[in-house]
Amino acid sequence: MIPAEHLDRVAGVFKENSKRREKTLIIYFCAGDPDLETTKKLVLTAAAEGADVVELGVPFSDPIADGPAIQAASTRALKAGTNLPKILEMVSEVRARTEVPIILMSYYNPLLRFGFDSFAVQASSCGVDGLIVPDLPLEESEELRSTIHKKNISMIPLVAPTTPQKRLGSILASARGFIYCVSLTGVTGARKNIAPGIPQYLTRVKKQSSYPVALGFGISTNEQAREAASWCDGVIVGSAVVNLVASYSGSQDLLREVSRFIGGLKKAVNEACSA
Amino acid sequence: MVLPDSEGHFKDYGGRFLAETLMPAVLELEKAYFKARSDPEFLNTLSFYLREYVGRPTPLYYADQLTRKLGGAKIYLKREDLNHTGAHKINNALAQVLLARRMGKKRIIAETGAGQHGVATATAAALLGLKCEIFMGEEDMRRQELNVFRMRLLGAEVVPVSTGSRTLKDATSEAIRDWVTNVNDTYYVIGSVVGPHPYPVMVRDFQTVIGRETREQIIEKEGRLPDCIVACVGGGSNAMGIFYPFLDDDVRLIGVEAAGRGLDTGEHAASLTKGIPGVLHGSYSYLLQDEFGQVSPVHSISAGLDYPGVGPEHSYLKDSKRAEYVSVTDREALDAFQLLARTEGIIPALESAHALAYIKREAGNMSKEEIIIVNLSGRGDKDVQTVAGVLGSGAHI
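Residue numbers (our numbering), protein chains in the order written: chain A, 727 to 1001; chain B, 102 to 498.
Right under this line is the structure:
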């Protein structure tokens, strides 16, 4: 059981979904690709079409955990003048119109430069619910984690297939929100197949965690999302969405195509429930 | 106090900032390295290869002509350019590839800027029979064509990196992405005192052979320690290697960064001089970045110094004021490159020419009793084409 005082908007959505026998769909957008005005529309569209949680990538010049799709999106977003203060402003505008949980995915350096205290205060008042930092392992995370937890922003930990059992325990002990399980050894990006051995790996994580467990990296089709959802509480789809945004960037069809894609994914993950 | 601490911190700097997927790998590496470091068998094998294969010890050469020309302090050159493969990089690459073999890894990857670390790693992999892939920015492949060919001759695959500025920073990012993908069978040989713990301490330890030899040699030749030691700093491995054994002595330690087209132009690579602490490629250290924490584009005529970050121990030495960090421009480095060729018949690497440019500026102000040692970290054959391009091949030099 999650302690009641830690049941934030993110963990709350998982809980509600599980009561309804639904799975949680998390959709990633690279903030500012092609511009923040479009990102705002995309977030609202995603929330309306079935995304249960929206993850916004803060573009970084050197995204070492990302594959070509998100690297290219980050470059476009930075060229368009995107930065963390502007992203927070956009989130507050979105927050005025939707209750969808919003989590930021940021590399460590932009947060460091912003300052942890100011980040926690401002992100919290803008309506950010959680934070994922792909280059911040447990050993270095204490200061940032305690700072944002004080402002009720959840530090969502990443675990990997390579994480040994004992280490997994320490990571899960510090968790909030949900547990982000990386499906493979590698960077983000669409893959033909989901890596083997995932069910055993997820069982290992679920056994030790009171928080919901979601799977991400390499999940890009309805079939993959359905399969992944059958093993855990939620599924994260990123690069496939980023590619779709890139191919319809500037087109009138952008929101319609994104709606259709997300609607399909949501249907697929829920099918996993009834299967 | 012994630095770094158990988490790899040099006071505020260093640490481990990387994907969870790689954490078990660096923890395994840390264990394997600390075990190897005190294993006589590993140390004997390493010193055998350093002696019989690399050609160590390298001479500490008294540069009489240069000393006279500059008219001040006595100048000694630590001749790392005479190592097999032409630079100090082999000291570290060979040691890490030996460690990789000991750990049972089958595949070696590395990043390279000027190509010297790539060549050194490809050499060690050929010697020890391991598969090797080198990541190199396309811009650097253009600047260092000869080294690309050398790596291929040695049986390594050179992987062109076309993202970002297509230089060392991007090659490093791409190597990390490959490592996270192939972490189970791959060993990543980092070429400088950068990256997550244990790399900064491990690379430093493997490079301190430079400083240990220098210390013995100068005492033998002069009966005393030098007044000043000068080395160029990109990531900072040749500098850490020669500085480290002198940290507790009364010897000035001076690191020379690349001021590129000038510190005020924004086109430079002087991380310690102009940077702000931040995290890039796994550790916390001085970093050239903008107000939003995005890493800045950098420039140096020398591909080996063209990097926005620097090793965390240098950040610590800067803050504690144990070492001084200065910078010289592309132009000054080019002048020193030619000066050493003319006066001593030695063509230095453009990286090392930065250290020489500093003494060209300062030696004249020092007394004739003082002794300066310059770490001549590499030879300049690889740079001849670049320099010819800048100066004009037939031009008056």
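Glycine residues also receive a C-beta, built at the ideal position from the N, C-alpha and C atoms.
Could you check whether the Cβ of residue i sits closer than 7 Å to any heavy atom belonging to the ligand COA?
| i | result |
| --- | --- |
| P413/B | By its list of ligands, the structure shown contains no ligand whatsoever, and the ligand COA lies outside what it can speak to. |
What separation, rounded to the nearest whole angstrom, lies between the Cα atoms of residue i and residue j?
| i | j | result |
| --- | --- | --- |
| D328/B | K469/B | 12 Å |
| R353/B | E425/B | 8 Å |
| K892/A | G342/B | 37 Å |
| I962/A | P827/A | 14 Å |
| I320/B | Y345/B | 17 Å |
| R823/A | M881/A | 24 Å |
| A951/A | G944/A | 10 Å |
| E953/A | N996/A | 11 Å |
| K270/B | K741/A | 43 Å |
| Y154/B | K232/B | 20 Å |
| E866/A | H298/B | 12 Å |
| W957/A | Q934/A | 15 Å |
| L518/B | A196/B | Only positions 102 to 498 of chain B appear in the structure, and residue 518/B is not among them; the question remains open. |
| V984/A | V967/A | 7 Å |
| S818/A | P938/A | 26 Å |
| V485/B | K132/B | 42 Å |
| Y834/A | V859/A | 6 Å |
| P261/B | E239/B | 6 Å |
| K766/A | S872/A | 29 Å |
| A496/B | I448/B | Note that A496/B scores a pLDDT of 48, beneath 50, so its modelled location is shaky; the value from the coordinates is reported in the next line. Cα-Cα distance, rounded: 18 Å. |
| T929/A | G923/A | 10 Å |
| L751/A | P863/A | 25 Å |
| I790/A | Y459/B | 35 Å |
| M252/B | H218/B | 10 Å |
| D407/B | H189/B | 18 Å |
Between the Cα of residue i and those of the options, spot the shortest distance and give me the residue it belongs to.
| i | options | result |
| --- | --- | --- |
| A211/B | I291/B, V352/B, L354/B | I291/B |
| A806/A | L870/A, G758/A, V820/A, D959/A | G758/A |
| R917/A | N969/A, T889/A, P938/A | N969/A |
| S384/B | C756/A, V854/A, D861/A, S844/A | D861/A |
| A371/B | L381/B, V380/B, S401/B | S401/B |
| L228/B | G214/B, R202/B, T213/B | R202/B |
| P794/A | R839/A, T888/A, G915/A | G915/A |
| C756/A | I988/A, T808/A, T750/A | T808/A |
| N743/A | G776/A, L762/A, L770/A | G776/A |
| E129/B | S421/B, Y300/B, K170/B, D279/B | Y300/B |
| T796/A | A955/A, V913/A, L981/A, K932/A | Reading the sequence as shown, one finds Ile at residue 796/A and not Thr. The candidate whose alpha carbon is nearest that of I796/A is V913/A. |
What does DSSP give as the partner residues of residue i in its beta bridges?
| i | result |
| --- | --- |
| I176/B | I473/B |
| K422/B | Bridge partners of K422/B: none, in fact. |
| A188/B | G479/B |
| R208/B | K232/B, T287/B |
| I753/A | V780/A, V963/A |
| C958/A | Bridge partners of C958/A: none, in fact. |
| R353/B | C329/B |
| A360/B | Paired residue(s): none; A360/B is not in a bridge. |
| Q390/B | V396/B |
| P449/B | R480/B |
| A791/A | Per DSSP, none; premise fails for A791/A. |
| C852/A | None, per the DSSP bridge assignment. |
| V380/B | Y385/B |
| Q907/A | A small fix is needed here, since residue 907/A is Cys in this sequence, not Gln. Answer is V885/A, L941/A. |
Identify the contact partners of residue i in chain A, using a Cβ-Cβ distance below 7 Å as the criterion.
| i | result |
| --- | --- |
| R278/B | I790, V913 |
| S274/B | D788, I790 |
Using a Cβ cut-off of 8 Å, pull out every chain A residue sitting near residue i, in sequence order please.
| i | result |
| --- | --- |
| K270/B | D788 |
| L381/B | D788, N835 |
Just to make sure I have the definition right: I need the residues of chain B whose C-beta is within less than 8 Å of the C-beta of residue i. Which are they?
| i | result |
| --- | --- |
| R902/A | Ordered by position in chain B, no residue passes the 8 Å Cβ test against R902/A, which lies about 16 Å from the chain. |
| A862/A | According to the sequence shown, residue 862/A is Leu rather than Ala. Ordered by position in chain B, the residues that pass the 8 Å Cβ test against L862/A are F118. |
| I804/A | In the sequence as displayed, the identity of residue 804/A is Leu instead of Ile. Q395, listed in chain order. |
| Q797/A | T264 |
Under 9 Å Cβ-Cβ, which residues of chain B neighbour residue i?
| i | result |
| --- | --- |
| F840/A | F393, G394 |
| N969/A | Per Cβ cutoff of 9 Å: no residues; N969/A is ~17 Å from chain B at best. |
| V908/A | A120, E121, T122 |
Going along chain B, which residues have a C-beta under 7 Å from residue i?
| i | result |
| --- | --- |
| E865/A | E108, R117 |
Kindly list, in the order they appear in chain A, the residues whose Cβ is closer than 9 Å to that of residue i.
| i | result |
| --- | --- |
| M124/B | P863, L864, E865, A886, T888, T889, R893 |
Residues of the stretch 759 to 789 of chain A with Cβ closer than 9 Å to any Cβ of chain B, in chain order: P785, F786, S787, D788, P789
Where the stretch 880 to 899 of chain A meets chain B: residues whose CB sits under 9 Å from a CB there: P883, L884, V885, A886, P887, T888, T889, P890, R893, I897
Cβ-based contacts, 7 Å cut-off: residues of the stretch 821 to 836 of chain A near chain B: Y834, N835, P836
Interfacial residues, the stretch 917 to 947 of chain A to chain B, with Cβ spacing under 9 Å: none
Under 8 Å (Cβ pairs) to chain A, residues found in the stretch 104 to 120 of chain B: E108, G116, R117, F118, L119, A120
Within 7 Å of chain A by C-beta, residues of the stretch 417 to 433 of chain B in sequence order: none
Interfacial residues, the stretch 388 to 405 of chain B to chain A, with Cβ spacing under 8 Å: L388, Q390, E392, F393, G394, Q395, V396
Members of the stretch 809 to 820 of chain A that neighbour chain B once the beta carbon cut-off is set at 7 Å: N809, L810
Near-chain A residues of the stretch 209 to 229 of chain B - C-beta to any C-beta below 9 Å: none
Interfacial residues, the stretch 283 to 310 of chain B to chain A, with Cβ spacing under 8 Å: N283, V284, N285
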